[in-house]
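This note's numbering applies: residue 2 is where the sequence shown begins, and numbers increase by one.
The structure under discussion appears below in the form of structure tokens.
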Amino acid sequence: MEVEPEFYEGQQGPRLFEGSLRVGLTYNLKRTLGGSDDTEAEFDSLSTIEAIAEAIASQGMQVVLLEATKGLPAHLNRQAVDLVFNIAEGRGGRAREAYVPSLLEMLEIPYTGSDAAVMVTTLDKSLAKSIVERAGVATSTYWVVRGPEDRLPSPTDYPVFVKPLAEGSSKGIGPAGVAADGDALQRRVAELLERFPEGVLIETFLPGREFTVGLLSDAESHGSEPRSLTPMEIVYQDASTTPIYSYGIKQETSPSAVRFDVPADIDADLESRLRGAAQDAFQALGCRDVARIDLRLDDHGVVHFLECNPLPGLVPGFSDLPLIAEADGLDYRGLIGAILAPALARRHSHVERGRSVQ
Numbered sequence: 002m003e004v005e006p007e008f009y010e011g012q013q014g015p016r017l018f019e020g021s022l023r024v025g026l027t028y029n030l031k032r033t034l035g036g037s038d039d040t041e042a043e044f045d046s047l048s049t050i051e052a053i054a055e056a057i058a059s060q061g062m063q064v065v066l067l068e069a070t071k072g073l074p075a076h077l078n079r080q081a082v083d084l085v086f087n088i089a090e091g092r093g094g095r096a097r098e099a100y101v102p103s104l105l106e107m108l109e110i111p112y113t114g115s116d117a118a119v120m121v122t123t124l125d126k127s128l129a130k131s132i133v134e135r136a137g138v139a140t141s142t143y144w145v146v147r148g149p150e151d152r153l154p155s156p157t158d159y160p161v162f163v164k165p166l167a168e169g170s171s172k173g174i175g176p177a178g179v180a181a182d183g184d185a186l187q188r189r190v191a192e193l194l195e196r197f198p199e200g201v202l203i204e205t206f207l208p209g210r211e212f213t214v215g216l217l218s219d220a221e222s223h224g225s226e227p228r229s230l231t232p233m234e235i236v237y238q239d240a241s242t243t244p245i246y247s248y249g250i251k252q253e254t255s256p257s258a259v260r261f262d263v264p265a266d267i268d269a270d271l272e273s274r275l276r277g278a279a280q281d282a283f284q285a286l287g288c289r290d291v292a293r294i295d296l297r298l299d300d301h302g303v304v305h306f307l308e309c310n311p312l313p314g315l316v317p318g319f320s321d322l323p324l325i326a327e328a329d330g331l332d333y334r335g336l337i338g339a340i341l342a343p344a345l346a347r348r349h350s351h352v353e354r355g356r357s358v359q
């Protein structure tokens with residue numbers, strides 16, 4: 002069932018931008034709530050969508066809800082929005098996160114977040130790792146298996162971490178995600194390929210501390226130059242195991258296996274290295290406006306890139322980025338406004354260029 006467009010009128014609040022713009026909010030609605038089914042893990046609940054809409058409306062704008070279904074092109078033409086705040090993840094295939102950005106570019110509608118090329122690059126975790134590695138950021142040794150006929154690698158060291166090549170929100174990541182030997186690796190790869198035919202990524206397991214860093218761009222750079230927010234550490238309570246941030250943990254309202262320290266309890270040197278690695282990865286991948294970079298240390302304390310999420314979760318009071326922003330002194334409305342700002346600057350430049358041609 003498709004959700005018909007709804008409207009949120011601008012309310013009294015801090016007016017960061019002149020005029021009353023009409024902002025479309027593109028999203029995929031999560032209809033499977035709770036449980037172990039991760040099919041719609043990347044999608045957003047109606048309460049999250051409404052929270053984002055309210056935050057946009059509080060800045061003096063009209064908001065139109067636009068579900069990213071096959072009817073989206075017609076809705077966009079009918080609604081005549083000035084700008085789009087995009088959180089749509091897309092359905093099916095390695096290019097799914099690029100569907101909405103590609104459509105908006107074709108229609109010449111400015112939007113928040115990274116462009117279509119970045120969305121394809123970052124969703125393919127091996128491609129993202131290769132680009133970041135060439136930019137000088139360390140990443141663990143990895144192999145890609147794209148089908149059951151492919152020969153499995155022979156890692157010199159176990160354990161290894163096994164996950165889908167082109168999924169987000171910890172889809173396909175569970176207790177069996179760390180393989181201790183060749184037999185376990187073979188079983189896990191076969192299981193994942195059955196569910197995720199796009200391929201499987203195998204990485205040497207990094208035993209050190211795990212962090213995530215949120216990045217936001219300023220309007221002056223039109224989204225290309227990021228500032229890092231305070232790092233968050235994912236602290237695993239059982240240090241004797243090979244812990245991973247699984248889908249099951251992410252679904253727990255009050256997880257017992259982990260805690261989230263933000264700001265992270267780290268010294269100035271490690272903080273500088275985490276922020277630097279995150280900023281370098283953001284720029285190497287060509288990200289824009291907002292992203293969250295996941296990082297982990299090896300047994301020597303070297304910072305390694307895990308992956309980049311250019312569409313980070315925005316569940317108020319729950320998702321990593323809103324928690325990080327709050328610890329950095331930015332409330333939820335401020336976070337949404339910060340994501341909007343570079344896109345609004347791009348729209349302003351586009352309008353001005355159009356006027357100069359007339």
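Glycine is no exception: its CB is placed at the ideal position from the N, C-alpha and C atoms.
Quiz prompt | Limits of the unbroken beta strand (DSSP E) element including VAL201 | solution = For VAL201, the enclosing beta strand (DSSP E) has its first and last residue at 201 to 205.
Quiz item: Quick one: what's got a C-beta closer than 6 Å to ARG276's C-beta in the same chain, skipping five residues either side?
Solution: Around ARG276: SER229.
Quiz item: Taking Cβ positions, are VAL101 and LEU66 nearer each other than 9 Å?
Solution: Not a contact, by the Cβ cut-off of 9 Å.
Self-check item: For GLN63, the three-state DSSP class (helix, strand or coil)
Solution: Three-state result, GLN63: strand.
Exercise. Assign ASP45 to buried or exposed, taking buried as 16 or more other Cβ atoms, counted over all protein chains shown, within 10 Å of its Cβ.
Key: With 16 or more other Cβ atoms from the protein chains shown falling within 10 Å of its own Cβ, ASP45 counts as buried.
Quiz item: On the three-state DSSP scale, how would you describe ALA265?
Solution: Coil, per DSSP.
Quiz item: Does DSSP put THR49 in a helix, a strand or coil?
Solution: Helix, per DSSP.
Self-check item: Residue span of the beta strand (DSSP E) that contains HIS305, given as start and end
Solution: Taken as a continuous stretch (DSSP letters only), the beta strand (DSSP E) holding HIS305 covers 304 to 310.
Exercise. Determine, using beta carbons only, whether PRO343 and SER218 come nearer to each other than 9 Å.
Key: Yes. Within cutoff.
Quiz item: According to DSSP, which residues form a beta bridge with VAL236?
Solution: Looking at the DSSP assignment, VAL236 forms a beta bridge with ARG260.
Quiz item: The alpha helix (DSSP H) with ALA328 in it runs from where to where?
Solution: For ALA328, the uninterrupted alpha helix (DSSP H) run begins and ends at 321 to 328, by DSSP.
Quiz item: Would you report the Cα separation of GLY25 and TYR333, rounded to the nearest angstrom?
Solution: One C-alpha to the other measures close to 19 Å.
Quiz item: Are there 16 or more other CB atoms within 10 angstroms of the CB of GLU109, so buried, or fewer, so exposed?
Solution: It is exposed - the Cβ of GLU109 has fewer than 16 other Cβ atoms within 10 Å.
Exercise. Go to ALA126, then tell me how far its alpha helix (DSSP H) extends in each direction, as first and last residue.
Key: What sits at residue 126 in the sequence shown is Lys, not Ala. Membership of LYS126 in the alpha helix (DSSP H) is indicated by the continuous run 126 to 135.
Exercise. Indicate the three-state DSSP secondary structure (helix, strand or coil) for GLU168 in the structure shown.
Key: Here GLU168 sits in coil by DSSP.
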